[in-house]
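Undergrad: Sharing a structure here in structure tokens format.
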Amino acid sequence: MNKTILIADDERDIVRLIADSLSFEPFHLLMAYSGKEALEILETEPVDFLILDIMMPGFGGLEVLRRIRENNPVHILLLSAMDRDIDKVTGFEIGADDYMTKPFSVEELVSKVRAHFRKMDRLERNWKSDTPDLLNPVQTADEPLMLNPSSFEVFQFGERLDFSAKEFQILYYLASHPNQVLSREQIYEHVWGDEHGDYNTVTVHIKNIRKKLGKSCDVIKTIWGYGYKFILRGLVK
Numbered sequence: 029m030n031k032t033i034l035i036a037d038d039e040r041d042i043v044r045l046i047a048d049s050l051s052f053e054p055f056h057l058l059m060a061y062s063g064k065e066a067l068e069i070l071e072t073e074p075v076d077f078l079i080l081d082i083m084m085p086g087f088g089g090l091e092v093l094r095r096i097r098e099n100n101p102v103h104i105l106l107l108s109a110m111d112r113d114i115d116k117v118t119g120f121e122i123g124a125d126d127y128m129t130k131p132f133s134v135e136e137l138v139s140k141v142r143a144h145f146r147k148m149d150r151l152e153r154n155w156k157s158d159t160p161d162l163l164n165p166v167q168t169a170d171e172p173l174m175l176n177p178s179s180f181e182v183f184q185f186g187e188r189l190d191f192s193a194k195e196f197q198i199l200y201y202l203a204s205h206p207n208q209v210l211s212r213e214q215i216y217e218h219v220w221g222d223e224h225g226d227y228n229t230v231t232v233h234i235k236n237i238r239k240k241l242g243k244s245c246d247v248i249k250t251i252w253g254y255g256y257k258f259i260l261r262g263l264v265k
């Protein structure tokens with residue numbers, strides 16, 4: 029089945045440019061020209077990847093992002109004319125998975141989309157073949173967690189936690205290497221598929237993951253000056 033991509037931007041020329049560039053790929057493309065329209069589409073259509081502009085009239089991109097993250101783990105790439113670090117951090121803290129500054133390279137955007145779906149396919153294959161034990165509930169600290177590779181969902185005591193795709197990938201990568209220290213560079217390269225990038229992005233995502241895990245946040249231990257370690261205390265059989 030073809031993956032569905034939603035392009036949401038009030039600048040129709042940009043939507044058309046992105047759509048034309050992705051039309052050569054096996055994707056089903058949807059288009060929205062306002063935040064309200066994007067939310068309506070997301071309520072009725074299963075979307076695998078969202079390209080979302082921050083500066084839109086009415087519901088701006090960040091408000092749309094907040095509402096989406098209440099119940100939808102879709103992968104979100106933000107587009108913005110703002111390139112300050114604080115703008116990127118805000119986007120990531122609310123739940124964005126990636127960020128590109130306007131004007132942007134269409135070729136780079138298409139490459140990011142391709143890389144994301146390649147990684148999703150590889151992640152699911154690796155999950156099923158390399159770490160079958162993690163398909164069972166994992167006893168971490170006092171809170172049993174279960175990671176569902178098919179839906180990229182995290183459950184705690186049977187209740188689903190709202191994780192973005194990138195947050196799930198990071199938690200899965202750490203959990204698949206229990207009690208092993210992984211550097212921020214390793215995590216970034218594995219999850220984003222890029223050797224060079226803003227490694228602070230990993231720090232922001234880890235912060236969000238811990239906040240969502242609540243009492244279970246101590247399963248992720250910070251190794252100062254290096255990276256992080258997933259503490260596995262045993263499996264619930």
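Each residue of the sequence shown is one higher than the one before, starting from 29 at the first, in the working numbering. In this text, a Cβ means the ideal position worked out from N, Cα and C, and glycines have one as well.
Within a Cβ cutoff of 7 angstroms, which residues of the same chain sit near G88, ignoring the five residues on either side of it in sequence?
TA: G63 and I82.
Undergrad: Output the distance between the C-alpha atoms of K130 and E181, rounded to the nearest integer angstrom.
TA: Using only the alpha carbons, I get a separation of about 32 angstroms.
Undergrad: When you compare the CB positions of N176 and L260, do they come within less than 8 angstroms of one another, or not?
TA: No. Outside cutoff.
Undergrad: What did DSSP end up calling N228 once you bin it into helix, strand or coil?
TA: DSSP places N228 in helix when its eight states are reduced to three.
Undergrad: Can you tell me whether K249 is helix, strand or coil according to DSSP?
TA: The answer is strand: DSSP assigns K249 an E or B state.
Undergrad: For Y216, count neighbouring Cβ atoms within 10 angstroms of its own Cβ and tell me buried if that reaches 16, exposed if not.
TA: Buried, because 16 or more other Cβ atoms sit within 10 Å of the Cβ of Y216.
Undergrad: So the candidates are M84, L80, A60 and L173; which of them puts its Cα closest to the Cα of K278?
TA: The chain is shown from 29 up to 265; residue 278 falls before or after that span and cannot be answered.
Undergrad: Per DSSP, which residues does M148 bridge with? Please list them.
TA: DSSP output for M148 lists no bridge partner at all.
Undergrad: Apply the 10 Å Cβ neighbour rule to V209 and answer buried if 16 or more other Cβ atoms are within range, or exposed otherwise.
TA: Exposed.
Undergrad: Going by alpha carbons, who is nearest to F191 out of Y254, F120 and E135?
TA: Answer by Cα proximity: F120.
Undergrad: Does the structure place the stretch 106 to 123 close enough to the stretch 55 to 70 that three or more beta carbon pairs sit under 8 angstroms?
TA: Contact fails: fewer than three Cβ-Cβ distances are below 8 angstroms.
Undergrad: Let's test the definition: count the other Cβ atoms within 10 Å of the Cβ of A101 and tell me whether it reaches 16, buried, or not, exposed.
TA: Sequence check: residue 101 is Pro here, not Ala. By the neighbour-count rule (16 or more Cβ atoms within 10 Å), P101 is buried.
Undergrad: Quick one: what does DSSP say L80 is sitting in, helix, strand or coil?
TA: In this structure, L80 counts as strand in the three-state DSSP scheme.
Undergrad: Exposed or buried, what is T229 when buried is set at 16 or more other beta-carbons lying within 10 Å of its beta-carbon?
TA: Burial call: buried.
Undergrad: Which parts of the stretch 102 to 132 are runs of the alpha helix (DSSP H), unbroken and 4 residues or longer, counting only runs that do not cross its ends?
TA: With a minimum length of 4 residues, the continuous alpha helix (DSSP H) runs that stay inside the stretch 102 to 132 are 113 to 122.
Undergrad: Just the C-alpha distance for E136 and L80, rounded to the nearest angstrom, thanks.
TA: So the alpha carbons of these two residues sit roughly 16 angstroms apart.
Undergrad: Alpha carbon to alpha carbon, how far is H205 from R40?
TA: So the two alpha carbons sit approximately 44 angstroms from each other.
Undergrad: Do D76 and I33 count as a contact pair if the criterion is CB distance below 8 angstroms?
TA: Yes, they are a contact pair.
Undergrad: Taking Cβ positions, are R273 and G255 nearer each other than 8 angstroms?
TA: Beyond the ends of the chain as shown, which are 29 and 265, falls residue 273; an answer cannot be given.
Undergrad: Identify whether I259 lies in helix, strand or coil by the three-state DSSP scheme.
TA: Looking at I259 - three-state DSSP - the assignment turns out to be coil, as it is neither helix nor strand.
Undergrad: In chain order, what residues of the same chain have a beta carbon less than 6 angstroms from the beta carbon of R237, not counting five sequence neighbours either side?
TA: Note that residue 237 is Ile in the sequence shown, not Arg. The residues are E195 and L199.
Undergrad: What does DSSP give as the partner residue(s) for N236 in the beta ladder?
TA: The partner list for N236 (beta bridge, DSSP) is empty, contrary to what the question assumes.
Undergrad: Mapping DSSP to helix, strand and coil, what is S49?
TA: Three-state DSSP puts S49 in a helix.
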